[in-house]
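Asks:
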Amino acid sequence: MNNILVISKNGSETETLSKELRTQEDCDVVVASTPDEAIEIITMDRIDLVVFNIELFTRKRLQTATDFRGLGYTFPLLVLAHTVLPEIYYNLEQMESTVILEKPYDHKDLMGLTEKLVDGVTVKQRIFRRYDTNQSADFLAKQYVTPIRIKNLSQGGAYLECDASSRLVIGEKVKLEIPLNQVSKTYKMEAKVVWVMPEKILGKVGVGVEFIR
Numbered sequence: 000m001n002n003i004l005v006i007s008k009n010g011s012e013t014e015t016l017s018k019e020l021r022t023q024e025d026c027d028v029v030v031a032s033t034p035d036e037a038i039e040i041i042t043m044d045r046i047d048l049v050v051f052n053i054e055l056f057t058r059k060r061l062q063t064a065t066d067f068r069g070l071g072y073t074f075p076l077l078v079l080a081h082t083v084l085p086e087i088y089y090n091l092e093q094m095e096s097t098v099i100l101e102k103p104y105d106h107k108d109l110m111g112l113t114e115k116l117v118d119g120v121t122v123k124q125r126i127f128r129r130y131d132t133n134q135s136a137d138f139l140a141k142q143y144v145t146p147i148r149i150k151n152l153s154q155g156g157a158y159l160e161c162d163a164s165s166r167l168v169i170g171e172k173v174k175l176e177i178p179l180n181q182v183s184k185t186y187k188m189e190a191k192v193v194w195v196m197p198e199k200i201l202g203k204v205g206v207g208v209e210f211i212r
């Protein structure tokens, strides 16, 4: 049996979240309303996943998560929050076994993340909300300009589709040029290829890029 600790204020949202998590196979859920109560529970029982359910992920909340690590516990942390303060983005990226899921989220995303984390699967942090789009653009790689379609976009990166002949390599740096027709300008940025999907329907390849700041 996997034990999940939810740190959340009492209320209907907490009850709903607990019911959702209990639908996972072989999972039990216990709720703590304060960090002190959570620490008391952690010291008394084996915990396989800690879930923070909060509105604003502040530096104080980050310190609470750090305190858990300071006590020697290595269980994964899942943060459910509406807002993450920009100044702690970097800290989140550096914390091991810590993932944030921005509200509102899909039920399937919550279930998928929970299952992976309790099973010990490494989950890459994704702290930026993604927006679906179908924006045409070009990128420059290996001195060739290739037309692409940006399928979704976030502050940190994008998922795009390109012709199978592009043959991009993970780690390769590319330059994106996105035409902004409404203002008659072209937005340019640099990115790094972080993953490449096999050839998809109609000969297109899926590519994930991370923007270089």
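Sequential numbering from 0 applies to the sequence shown in numbering that gives the first Met the number 0. All C-beta atoms in this analysis are idealised placements derived from N, C-alpha and C, irrespective of residue type, glycine included.
1. With DSSP run on the structure shown, which of helix, strand or coil describes Phe-74?
2. Taking contact to mean 3 or more Cβ pairs, one atom from each stretch, closer than 8 Å, check whether the region 56-67 and the region 18-31 are in contact.
3. Beta carbon of Val-49, beta carbon of Leu-4: below 8 Å?
4. Whole angstroms are fine: how far does the CA of Ile-169 sit from the CA of Leu-42?
5. What are the partner residues of Thr-82, as DSSP defines its beta bridges?
6. Do the CB positions of Glu-176 and Thr-185 come within less than 8 Å of each other?
7. May I ask which residues mark the beginning and end of the alpha helix (DSSP H) holding Pro-34?
8. If you compare alpha carbons, which of Asp-44, Leu-70, Gly-10, Thr-22 is closest to Ser-32?
9. Applying the 10 Å Cβ sphere with the 16-neighbour rule, what's the burial state of Gly-156?
10. Per DSSP, what kind of secondary structure is Leu-152 in: helix, strand or coil?
11. Can you list, in chain order, the residues of its chain whose CB lies under 8 Å from that of Thr-13, leaving out five sequence neighbours each side?
Replies: With the given structure in hand:
1. coil
2. No, the region 56-67 is not in contact with the region 18-31.
3. yes
4. Note on residue identity: the sequence assigns Thr, not Leu, to residue 42. Per the coordinates, the alpha-carbon of Thr-42 lies some 42 Å from the alpha-carbon of Ile-169.
5. Leu-55
6. yes
7. Where Pro-34 is concerned, the enclosing alpha helix (DSSP H) stretches over 34-43.
8. Gly-10
9. buried
10. strand
11. Correct list, in chain order: Val-5, Ser-7, Val-30, Asn-52.
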